[in-house]
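Worksheet for the structure shown next.
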Amino acid sequence: MTTLLTILFDGVAYGMLLFVLACGLAVTLGLMNFVNLAHGAFAVAGGYVCAVLVNQSGWPFFAALPLAFVASALIGVVFERGLYRHLYTRGHLDQVLFSIGLVFMAVAAVDYIMGSSRVFIKLPAVLDGQIDFFGVGIGRYRLMIIVICGLLTLGLQLILSRTRFGSRLRASVDDPRAASGLGINVPQVFALTFAFGCGLAGLGGALSAEILGLDPYFPLKFMIYFLIVVTVGGSSSITGPFLASLLLGIGDVAGKYYVPKLGPFIIYAIMIVILIWRPNGLFGRTAAR
Amino acid sequence: MASMPDMSEHATRAARWRPAEIVFWLALLACGFLFPSRYLIMTEILRLGLFALSLDLILGYAGIVSLGHAAFFGVGAYSAGLIALHGFIPEPVLALIAAGLIAAVLGFFTSFLVIRGVDLTRLMVTLGIALLLEALAEKFSDITGGTDGLQGIVIQPIFGLFAFDIFGKVGFFYNLAVLFVLFLLARCIVHSPFGLSLRAIRNNPLRASAIGIPVNRRLIAIYTLAAFYAGVAGAVFTQTTALASLDVFSFERSADLMLVLVLGGTGYLYGGLIGAVVFKVLQDVFSSITPQYWMFWIGLVFVVVVMIGRERLHRWVMWLPHRVVQQFGRKASAAVSGGDAS
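From first to last, the protein sequence lines are chains A and B.
When we follow this note's numbering, the leftmost residue of the first sequence carries the number 1145, and every step to the right adds one.
When we follow this note's numbering, the leftmost residue of the second sequence carries the number 28, and every step to the right adds one.
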């Protein structure tokens, strides 16, 4: 029973992390119908910024996290304005090629600058070890992830549903033409959202150094996971990808624990089955127009 | 009805062999005799060309974007390796066909998953299948050798006459022969009414079905055929290198393949072969500059190709040949008239 709870807890932490990493992608896919395979590269950027700040400049971990967000968001906005926006109207083949190229460049560049070995971020002592909660071992670090990601999710949901920007964004997702007809600056909304999504990915990258492992090949290794979150969850709301990431996280952790021999096989198989069953995602209306 | 003979005449004219094509194949054959020290790299190019030809069939002619074409390559490679290892079919050519058929069976069954859904779902499903097979090959290490790959493969002489030598001479001509035969087949297919209907589907599936083309059945057929080609490419890989390891399934292989095809141009069959030459030369140049970081430059090529635009790129590259052809008083261009790049 306690192992089950521990698996559940680890799975939830893992899933929430995946959600923060991937929710920017949901916007890219849902709003502009852009297949961006390079999303993980922004996560890596944030992760490495955090690692350099903490390990080499001696910043405290919690101060470095927001900077990881800012750095990735800045890189994101530069790339969006400089490169991505020229490709919104192109076919999916072009978008796939372009973003694969970006991934390859990012992998080699990070390898060149930072070396190919896995990077660890020095954690403050507060986050080490476990808390014993009615006999269930709860890792402090994972607890922090759940808290941060949970707050972020709530915040995102509030921004989307309550603020003016949120309603503009939703309008642009539903029908970009009508939205721009109503005077909404759709490219601007998109650039901001793209940057925000990249920032979240950067934050996720910094948080995932401890759990997923941060090395130059991160964008390639986890690309499929981000895509699963978005395609299975659909991109019409925040809740779809959120539930999908929780499912994926718990499924992956439980699968690795109970049937380690099959490894990622289960995840891929489930994904294919779900996509056959509902090509627009489990919770999506307009996942892929 | 006056336009009907025109159409068939147009189609027949497009299917006719052009002098440039004959020159192309003679040049390939001549390479085998001119550069005896470069058999290994030339064999690699031919193999990559065959693999790209397979992707061209579904991407260039049917418009299916696949991120996991390496799945069929890998199945072909492992099938050929296992067949040779356990001596099921000692004769390489028969083993090649068998490996291709195994990949085709997989292609047939996965095609039902691929024809459902839109581009994004297709991408995910094709990618997922390749990853799934990679995971399977790793897990069933007692059959596949796991991360070490299949070891100790010995390939028997072709037809019992030509043994594979270490310089790769036999391997090269074997590869060239396989490529040529499969190319001829593909050429017949894409110029047949079946091939024309595929192009109609690529350009507009809705209209294609409105004029009575069974869209899904055609897509299943071409996907299965492409899987066969990829399987054969994989089998040739195993037979000429006596090697089959997990990286035959890797995502990089599928991604590089797209670049190969895009560099050469889609939808006229020669794109894959030309792209393979360009890609290998680029790879050679980059890895001689920076052995460790050539991936960066390959990535840059991806980005630049897309930013310039594939059509524009081909217009630039074909400018000189067009001019030469025009000088000789011909209107039709030599290579790129089979269809616009999709």
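Here a beta-carbon is modelled for each residue, glycine too, at the ideal position from N, C-alpha and C.
Same chain, Cβ closer than 6 angstroms to residue i, neighbours up to 5 away in sequence not counted
| i | result |
| --- | --- |
| A:Ala-1432 | The pLDDT assigned to A:Ala-1432 is 41, lower than 50, so where the model puts this residue is not dependable; a value taken from the coordinates is nonetheless given after this. Hits under 6 angstroms: none found. |
| B:Leu-77 | Leu-206, Ala-260 |
| B:Lys-358 | Caution applies to B:Lys-358, whose pLDDT of 46 falls short of 50 and renders its modelled position unreliable; the model cannot decide the point. |
| B:Thr-153 | Ser-93, Leu-94, Gly-95 |
| A:Ile-1416 | none |
| A:Gly-1393 | Gly-1155, Tyr-1158, Gly-1159, Leu-1162 |
| B:Gly-155 | none |
| A:Gly-1191 | Gly-1349, Ala-1350, Ala-1353, Leu-1358 |
Own chain partners of residue i with C-beta closer than 8 angstroms, once the 5 adjacent residues on each side are dropped
| i | result |
| --- | --- |
| B:Asp-367 | Note that B:Asp-367 scores a pLDDT of 40, beneath 50, so its modelled location is shaky; the value from the coordinates is reported in the next line. Gly-294, Glu-338. |
| A:Gln-1274 | Gly-1281, Ile-1282, Gly-1283, Arg-1284 |
| B:Glu-71 | Lys-307 |
| B:Ile-180 | Gly-108, Ala-111, Leu-112, Thr-265, Ala-269, Leu-270, Ala-271 |
| B:Arg-234 | Ala-227 |
Within chain D, the residues that residue i reaches when beta carbons sit closer than 7 angstroms
| i | result |
| --- | --- |
| B:Ile-325 | Note that chain D does not occur in the displayed structure, where the protein chains are A and B. |
Neighbouring residues, chain B, relative to residue i (Cβ below 8 angstroms)
| i | result |
| --- | --- |
| A:Val-1240 | Val-92, Leu-94, Leu-150, Met-285 |
| A:Leu-1392 | Result: empty, since nearest Cβ-Cβ is about 13 angstroms, beyond 8 angstroms. |
| A:Val-1415 | Just to set this straight, residue 1415 of chain A is Met in the shown sequence, not Val. Simply Met-151, Gly-155. |
| A:Thr-1375 | Leu-147, Thr-148, Met-151 |
| A:His-1183 | Per Cβ cutoff of 8 angstroms: no residues; A:His-1183 is ~14 angstroms from chain B at best. |
| A:Leu-1358 | Going along chain B, no residue has its Cβ under 8 angstroms from A:Leu-1358, so there is no contact; the nearest lies around 18 angstroms. |
Neighbourhood of residue i by C-beta, 7 angstroms cutoff - its chain only, sequence neighbours within 5 removed
| i | result |
| --- | --- |
| B:Val-287 | Leu-75, Ala-79, Gly-299, Gly-302, Ala-303, Phe-306 |
| B:Cys-58 | Met-69 |
| A:Leu-1313 | Leu-1304, Val-1333, Thr-1337 |
| B:Ser-236 | Val-242 |
| A:Glu-1224 | Ala-1335, Phe-1338, Ala-1339 |
| B:Ala-361 | Low confidence applies here, because B:Ala-361 scores a pLDDT of 44, under 50, leaving its location unreliable and the question unanswered by this model. |
| B:Leu-140 | Val-152 |
| A:Val-1376 | Ala-1388, Met-1415, Ile-1418, Gly-1425, Leu-1426 |
| A:Ala-1398 | Ile-1151, Gly-1155 |
| B:Leu-55 | Leu-203 |
| A:Ser-1348 | Checking the sequence shown, residue 1348 of chain A turns out to be Gly, not Ser. So the list reads Leu-1161, Val-1164, Leu-1165, Ala-1187, once near-sequence residues are dropped. |
Contacts that residue i makes with chain A (C-beta to C-beta distance below 9 angstroms)
| i | result |
| --- | --- |
| B:Leu-246 | Per Cβ cutoff of 9 angstroms: no residues; B:Leu-246 is ~15 angstroms from chain A at best. |
| B:Val-50 | Residues of chain A passing the Cβ test: none, with the nearest at roughly 30 angstroms. |
| B:Leu-140 | Ile-1416, Leu-1419, Ile-1420 |
Beta carbon of residue i nearer than 8 angstroms to that of residue j
| i | j | result |
| --- | --- | --- |
| B:Leu-158 | A:Tyr-1412 | yes |
| B:Ala-111 | B:Ala-104 | no |
| B:Leu-246 | B:Ser-138 | yes |
| B:Phe-199 | B:Leu-296 | no |
| A:Ala-1166 | A:Val-1373 | yes |
| A:Gly-1407 | B:Ala-248 | no |
| A:Leu-1364 | B:Phe-278 | yes |
| A:Val-1198 | A:Phe-1205 | yes |
| B:Tyr-66 | B:Phe-194 | yes |
| B:Ala-98 | B:Leu-160 | yes |
| B:Ile-129 | B:Val-102 | yes |
| A:Gln-1239 | A:Val-1317 | no |
| B:Met-334 | A:Ala-1252 | no |
| B:Ala-282 | A:Ile-1244 | yes |
| B:Gly-258 | B:Ala-89 | no |
Neighbouring residues, chain A, relative to residue i (Cβ below 8 angstroms)
| i | result |
| --- | --- |
| B:Val-330 | Leu-1227, Phe-1242, Gly-1245, Leu-1246, Met-1249 |
| B:Lys-166 | Lys-1405, Leu-1406, Gly-1407, Phe-1409 |
| B:Ala-371 | With chain B running from 28 to 369 in the structure shown, residue 371 of chain B is simply not present. |
Cβ-Cβ separation, residue j to residue i (assumed contact under 8 angstroms), whole Å
| i | j | result |
| --- | --- | --- |
| A:Phe-1248 | B:Gly-326 | 3 angstroms |
| A:Phe-1370 | A:His-1183 | 6 angstroms |
| A:Ala-1388 | A:Val-1221 | The pair is not a contact, with the Cβ atoms about 27 angstroms apart (cut-off 8 angstroms). |
| A:Ala-1353 | A:Ile-1414 | So it is not a contact: roughly 27 angstroms between Cβ atoms. |
| A:Met-1160 | A:Ile-1289 | 6 angstroms |
| B:Val-330 | B:Val-289 | Contact doesn't hold; Cβ gap of about 12 angstroms is too wide. |
| A:Ala-1345 | A:Ser-1216 | 6 angstroms |
| B:Leu-252 | B:Leu-84 | 6 angstroms |
| B:Ala-254 | B:Gly-134 | 2 angstroms |
| B:Tyr-256 | B:Ser-106 | That pair is no contact at about 14 angstroms. |
| B:Ile-240 | B:Ala-227 | 6 angstroms |
| B:Tyr-250 | B:Ile-91 | 7 angstroms |
Proximal residues of chain B, C-beta to C-beta of residue i below 9 angstroms
| i | result |
| --- | --- |
| A:Val-1270 | Under the 9 angstroms cutoff, chain B gives no residues; its nearest Cβ is about 37 angstroms from A:Val-1270. |
| A:Ile-1368 | Met-151, Leu-154, Gly-155, Leu-158, Phe-278 |
Contacts that residue i makes with chain A (C-beta to C-beta distance below 7 angstroms)
| i | result |
| --- | --- |
| B:Arg-143 | Ile-1420, Pro-1423 |
| B:Tyr-320 | Ala-1252, Asp-1255, Tyr-1256 |
| B:Ala-282 | Ile-1244 |
| B:Val-289 | Leu-1241 |
Within chain B, the residues that residue i reaches when beta carbons sit closer than 7 angstroms
| i | result |
| --- | --- |
| A:Leu-1371 | Met-151 |
| A:Tyr-1086 | Coverage of chain A is limited to positions 1145 through 1433, which leaves residue 1086 of chain A absent and any answer about it impossible. |
**OP:** Could you tell me whether the region 1326–1335 of chain A touches the region 1198–1217 of chain A, using the rule of 3 or more Cβ pairs below 8 angstroms?
**Re:** Look at the beta carbons and you see the region 1326–1335 of chain A not touching the region 1198–1217 of chain A: under three pairs across the two are nearer than 8 angstroms.
Original post:
Are the region 160–175 of chain B and the region 31–43 of chain B in contact at 8 angstroms, needing three or more beta carbon pairs?
Top reply: no
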